[in-house]
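Visitor: I am attaching a structure below and will ask some questions about it afterwards.
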Amino acid sequence: MKIAFTGSHGCGKTTAVYNTAYEYKLKNNSRTINLLTEVARYSPFPLNKNTTLESEQWIYYKQLVRELEEESICDILICDRTIVDVLAYSKVAGFDKLVEVLIPISEYHLKTYDEIYFLSIENNNYHFADGIRDLDLDFRKKIEDVLLDFYKILSKNITDWDRRFIIK
469 MKIAFTGSHG CGKTTAVYNT AYEYKLKNNS RTINLLTEVA RYSPFPLNKN
519 TTLESEQWIY YKQLVRELEE ESICDILICD RTIVDVLAYS KVAGFDKLVE
569 VLIPISEYHL KTYDEIYFLS IENNNYHFAD GIRDLDLDFR KKIEDVLLDF
619 YKILSKNITD WDRRFIIK
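Here our numbering runs 468 ahead of the position in the sequence shown, where the first position is 1.
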């Protein structure tokens with residue numbers, strides 16, 4: 469089983485990942501539960517408004533590889549973000565060609581998530597200065613809007629999408 473939390477930065481994804489892992493471990497103590505924390509924090513390249521093409525490529529492929537690695541060694545994987553999040557940041561940064569190339573991979577990969585929880589900025593304000601997150605609310609909202617658009621586009625071929633995608 470794979471569960472992911474998605475949304476713009478500063479909406480509580482990381483907190484939700486840890487809380488969910490705790491709850492699942494209490495209920496399923498004989499099962500292996502792994503967390504995939506946010507890979508962008510470990511990027512050797514610039515982030516947010518200063519992102520580069522190399523940044524977005526690195527984050528996308530690192531997320532994809534880490535998910536594949538973790539899925540193979542656990543019963544339940546709980547992810548801080550999906551690869552679709554990277555598409556949104558890439559689109560807002562103007563890397564349209566990269567997005568075009570990654571769309572088919574993302575559409576295929578989206579089916580690997582059993583549940584995706586979209587945390588909105590409005591309902592989940594966990595935003596604070598930590599030296600990594602961009603504090604610009606307009607930038608956060610752009611990411612959120614583009615992210616929702618991508619989920620609409622990419623989910624068209626997933627028959628049980630309403631069960632998988634939960635907005636909180």
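Quick reminder that beta carbons are idealized off the backbone N, C-alpha and C, glycines included. Keep in mind it's a predicted model, so treat the numbers as computed, not measured.
For residue 469, collect the residues of the same chain with a Cβ closer than 6 Å to its Cβ; drop the 5 residues on either side in sequence, then sort them by chain order.
Guide: Numbered from its first residue, the sequence shown carries residue 469 at position 1. Correct list, in chain order: 544 and 582.
Visitor: Mind checking whether residue 566 and residue 521 have CB atoms under 8 Å apart?
Guide: On the sequence shown, position 98 is the one that residue 566 refers to. On the sequence shown, position 53 is the one that residue 521 refers to. Taking 8 Å as the Cβ cut-off, residue 566 and residue 521 qualify as a contacting pair.
Visitor: Can you pull the DSSP bridge partners for residue 502?
Guide: As a first step, residue 502 must be located in the sequence shown, where it is residue number 34. In the DSSP output, where bridge partners are listed per residue, residue 502 has 545.
Visitor: Leaving aside the five residues before and after residue 578 along the sequence, list all residues of the same chain whose C-beta is less than 6 Å from its C-beta, in chain order.
Guide: Within the sequence shown, the letter at position 110 stands for residue 578. Around residue 578: 622.
Visitor: Quick check on residue 585: does DSSP put it in helix, strand or coil?
Guide: For the purposes of this step, residue 585 is identified with residue 117 of the sequence shown, where counting begins at 1. Strand at residue 585.
Visitor: Examine the Cβ distances between the stretch 502-514 and the stretch 604-617 and report whether three or more of them are shorter than 8 Å.
Guide: As far as the Cβ criterion goes, the stretch 502-514 does not touch the stretch 604-617, which means the pair count is below three.
Visitor: Whole angstroms is fine: what's the gap from residue 605's alpha carbon to residue 549's?
Guide: For the purposes of this step, residue 605 is taken as residue 137 along the sequence shown, with counting starting at 1. For the purposes of this step, residue 549 is taken as residue 81 along the sequence shown, with counting starting at 1. Going from the Cα of residue 605 to the Cα of residue 549 covers about 19 Å.
Visitor: I believe residue 584 touches residue 474 by the beta-carbon criterion, under 8 Å. Please report the beta-carbon distance rounded to the nearest angstrom.
Guide: As a first step, residue 584 must be located in the sequence shown, where it is residue number 116. As a first step, residue 474 must be located in the sequence shown, where it is residue number 6. Rounded, the Cβ-Cβ distance is 6 Å, consistent with contact.
Visitor: Just to check my reading of the structure: residue 636 and residue 592 have Cβ atoms closer than 8 Å, yes? What is that Cβ distance to the nearest angstrom?
Guide: Reading the sequence shown from its first residue, position 168 is the one you call residue 636. Reading the sequence shown from its first residue, position 124 is the one you call residue 592. Indeed, because the Cβ distance is near 7 Å, the residues count as touching under 8 Å.
Visitor: If I'm right that residue 524 touches residue 561 with Cβ under 8 Å, what's the distance once you round it to whole angstroms?
Guide: Here residue 524 is taken as the residue at index 56 of the sequence shown, counted from 1. Here residue 561 is taken as the residue at index 93 of the sequence shown, counted from 1. So it is a contact: roughly 7 Å between Cβ atoms.
Visitor: Taking DSSP as the reference, what is the three-state secondary structure of residue 483?
Guide: The count along the sequence shown starts at 1 and reaches residue 483 at position 15. In this structure, residue 483 counts as helix in the three-state DSSP scheme.
Visitor: Less than 8 Å between the C-beta atoms of residue 527 and residue 554, yes or no?
Guide: As a first step, residue 527 must be located in the sequence shown, where it is residue number 59. As a first step, residue 554 must be located in the sequence shown, where it is residue number 86. Result yes, Cβ atoms of residue 527 and residue 554 sit closer than 8 Å.
Visitor: Could you tell me the alpha carbon to alpha carbon distance between residue 540 and residue 613, rounded to whole angstroms?
Guide: Along the sequence shown, read from residue 1 onward, the residue named residue 540 stands at position 72. Along the sequence shown, read from residue 1 onward, the residue named residue 613 stands at position 145. Between residue 540 and residue 613, the C-alpha separation is close to 32 Å.
Visitor: Closest to residue 617 by C-alpha separation, out of 547, 536 and 575, would be which residue?
Guide: Here residue 617 corresponds to residue number 149 of the sequence shown, with the count starting at 1. Selected option, being the one with the closest Cα: 575.
Visitor: In the DSSP assignment, find the alpha helix (DSSP H) that holds residue 508 and state where it starts and stops.
Guide: Here residue 508 refers to the residue found at position 40 of the sequence shown. It is not in any alpha helix (DSSP H) - residue 508 carries neither H nor E in the DSSP assignment.
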